[in-house]
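Working notes, structure below.
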Amino acid sequence: MTLMTTGARSGATATRDRSVVTVLLLMLALVFGPAIGLHVAVNLLGAGPAPDGLVSAVSAEAPRGGRG
72 MTLMTTGARS GATATRDRSV VTVLLLMLAL VFGPAIGLHV AVNLLGAGPA
122 PDGLVSAVSA EAPRGGRG
């Protein structure tokens, strides 16, 4: 049993395939777009100051691990 047809595709099938791809790309953009945009913004603008009570990850005072 085969899952794919061997004949030529009809116009309706090609249109349906295109709409499925469009919806898939739209959903991927909605999921990954904000995360990519946030990374780009942080890289371009730099990380802001850490909120009160938190130490920045790039701060010189942050512990480096190991024995201390």
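Residues 72 to 139 (my numbering) make up the sequence shown, in order. C-beta: ideal position from N, C-alpha, C; glycine also. Please read all numbers here as calculations on a predicted model, not as lab measurements.
Alpha-carbon to alpha-carbon, residue j and residue i
| i | j | result |
| --- | --- | --- |
| Leu101 | Thr86 | 23 Å |
| Leu99 | Asn114 | 22 Å |
| Val92 | Ala83 | 14 Å |
| His110 | Val94 | 24 Å |
| Ser90 | Leu116 | 37 Å |
| Leu97 | Ala112 | 22 Å |
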